[in-house]
Structure formats: structure tokens, C-alpha cells
Amino acid sequence: MDTFNPPRRAFIQGALATGFALAVQPVTAGSIATDSRALDSGLAGIPLDDGILPVYFARPTARSSLPIVLVVQEIFGVHEHIRDICRRLAKLGYLAVAPELYFRQGNPAASPDIASIIKDIVSKVPDAQVMQDLDATLGWAAAHGGDASRAAITGFCWGGRICWLYASHHPQLKAGIAWYGKLEGAHDALTPTQPVDVAASLSVPILGLYGGQDSSIPQDSVERMRQALQQGQSGSQIVVYPTAGHAFNADYRPSYQVAAAQDGWQRLQAWLDSHGMQASKAADTD
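See below:
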């Protein structure tokens, strides 16, 4: 892990969540906890023109030229669930990096409820800023043991929408997996483009994983996205789990649906493997 002077380290620690976000408490008893054996994992900071972008990373110990997976947060930021996703991916042999994409607007982990996070933080985050921060994260990963020619992205909820948009922004990606990210929405100065707008022109193959009972992403929206994808040549696919709602992979929340989550995780691995992202699993010793 990179070393930093004490003030910088304190800033990074303060900008990233410790444990689970306040808005999701209490955490359900079945939340998955992935250990860090045989992994290098921790916090780092990426210098930008307007500050330090905090990231959480995990990678197999003493390995280089690793395929890179960018992990894009839910609205709750890079809290423990997203860190655990990074460790799960590192166990599969990837360098997984999750940047805190709200660090300029605030720390969502300290917000008391979802409505406050959306109003005070998420609604102020420009898509263009997010694309630039993900570019910087990919550059950092390539300089810290990753292979930039084998890079992919996955994202959850808010990050699922970003997954589609970043694939359009950075067509050199090998693949993406978008978990229940919104496909349609308002067009304004901060969000000028929505996933359905770029679907037909995508060149990166994206696997979309959605819940049939997700009231925030209606099935007619999913179908419009599917039809738009069929007009293009990316080979993207959408899988709908008929009985699953939103956030079905969030094992720390009541929304978790184990069958859909496990199937989605298997599909993620198969999708990465079939699109040039093969990795060697990290050795895991007791």
C-alpha cells in the first residue's frame, strides 16, 4: 500500500466509510465478510487537480500485470459492502479498486437516511466528474500492479448506471457488469446522458442484472434498454430475476435475495472470463 503523510492519510480515512453506512443500520446478520488473507488491501489516494481522490483497493499479494476491475459504489459510498466486493474480486485474481466518487460533495456514510444522501450529496455529483475520476482510478491501477489492456467495470445501484455510461466513455474496456442501475432519467447539466441513450452505440459488452420486482426500475424501462442494445453490436445482455427487487445483491440489507445474488456473481465471473479478463485466483492460506 502507498504511504502518505499523516494529514493526507487522515483525510483519506475521513472521506471513506468505516464499517457500514449509517443509513443502512442495522445491518442484517447474514452479511458476507471476506477476509484479506493472501491479499494486499487498504486505502490509497490519487492526486487530482482539485484534491485527493480516496480509493479502496484489494489485489492478490505479490502479483503483477493483474486484470483490473473498477468497482463503482452504491449511493452509500465506499462503505464495507463495497470493500468486501473488492476483496471478493481480489480472491478471484483481480486488482479491484473502488474510488470514493462523492468525496468533493460529502461523506454519505455519515448521512442519517437515504433521502438526505440523495438531496445533499448525490444530486450534486456531475457525471463528467465521475468519468474523469474513473479515468484517474484506472490510471492509478495500471501503475500499481494492474494491466490497463485488461480492464473492466462493475457497479451497483447508482454505480450500475455509471457502469453503462463509463463503458460508453471508455470503449477500451473489455467488459462491464451493471447491477440494478437506472436506465432512464432526467437530462440536465449534471446528467446530460442516460444509459438508454448510449445503448445502441456501445462497443463494450455489458451484462445488466436486474430485478423483476424492482419498483425503481420498471420492466418497461428494462425492455426499452434491451431493444436499444439490440440495435447495436456490443453483444450486451440483460438478465432479469423475476422475483428479485432492487439491491438483491446487498447481503447486508433486507433486500438481499440469495439465489439471484449467487447466480449474478457466477454470471459476473463467466462474463469476465469470456471477454478477455481471465485471472488466476489468489492463493488463500489459513
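Here UniProt numbering is used: the first residue of the sequence shown is 1, the next is one more, and so on. Just so you know, even glycine gets a beta-carbon here, dropped at the ideal spot from N, CA and C. Values in this document were obtained by computation on a predicted structure and should not be read as measured data.
For residue i, count neighbouring C-beta atoms within 10 Å of its own C-beta (all shown protein chains included) and say buried if the count is 16 or more, exposed if not.
i	result
D133	buried
V130	buried
W140	buried
Q73	buried
K91	buried
G211	buried
D214	buried
H187	exposed
S123	exposed
A270	exposed
T28	exposed
E223	exposed
P218	exposed
A259	exposed
R161	buried
T154	buried
S280	exposed
R83	buried
T137	buried
P171	exposed
K174	buried
V150	A small fix is needed here, since residue 150 is Arg in this sequence, not Val. So R150 ends up on the buried side.
R37	exposed
S216	exposed
A228	buried
P242	exposed
G77	buried
A189	exposed
Going by DSSP, what residue range makes up the alpha helix (DSSP H) through residue i?
i	result
Q266	258 to 273
T137	127 to 142
K124	Element bounds for K124: n/a, residue is neither H nor E.
How far does the beta strand (DSSP E) with residue i in it extend, from its first residue to its last?
i	result
Q233	It is not in any beta strand (DSSP E) - Q233 carries neither H nor E in the DSSP assignment.
I238	237 to 241
A152	146 to 156
Does residue i come out as helix, strand or coil in the three-state DSSP assignment?
i	result
A98	strand
K281	coil
V27	coil
S116	helix
P108	helix
G19	coil
G245	coil
G159	helix
Taking 7 Å as the line, does the beta carbon of residue i fall inside it for any heavy atom of the ligand MG?
i	result
L53	In terms of ligand content, the structure shown is empty, and the ligand MG therefore cannot be addressed.
Inset, instruction - Could you tell me which uninterrupted alpha helix (DSSP H) segments, each at least 4 residues in length, are contained entirely in the region 161 to 228, listed from first to last along the chain? - result: The qualifying runs are 195 to 198.
Legend entry - 4-residue-minimum alpha helix (DSSP H) runs that sit fully inside the region 39 to 94, ordered along the chain: List check, alpha helix (DSSP H) in window: 80 to 91.
Inset, instruction - Specify whether the region 190 to 197 and the region 108 to 117 touch according to this definition: at least 3 beta carbon pairs, one from each stretch, less than 8 Å apart. - result: They do not touch, by the three-pair rule.
Legend entry - the region 178 to 189 / the region 137 to 148 touching (three or more Cβ pairs under 8 Å): A contact is defined here as three or more CB-CB pairs under 8 Å, and the region 178 to 189 fails this definition with respect to the region 137 to 148.
Legend entry - Validate contact between the region 253 to 267 and the region 58 to 67 using beta carbons, cut 8 Å, 3 pairs: Inter-segment contact for the region 253 to 267 and the region 58 to 67 is absent: fewer than three beta-carbon pairs are separated by less than 8 Å.
Inset, instruction - Please determine if the region 19 to 34 and the region 92 to 112 are in contact, where contact requires at least 3 C-beta pairs separated by less than 8 Å. - result: Touching, per the Cβ criterion.
Inset, instruction - Could you tell me whether the region 225 to 238 touches the region 199 to 206, where touching means 3 or more Cβ pairs closer than 8 Å? - result: Cβ pair count under 8 Å is three or more, so yes.
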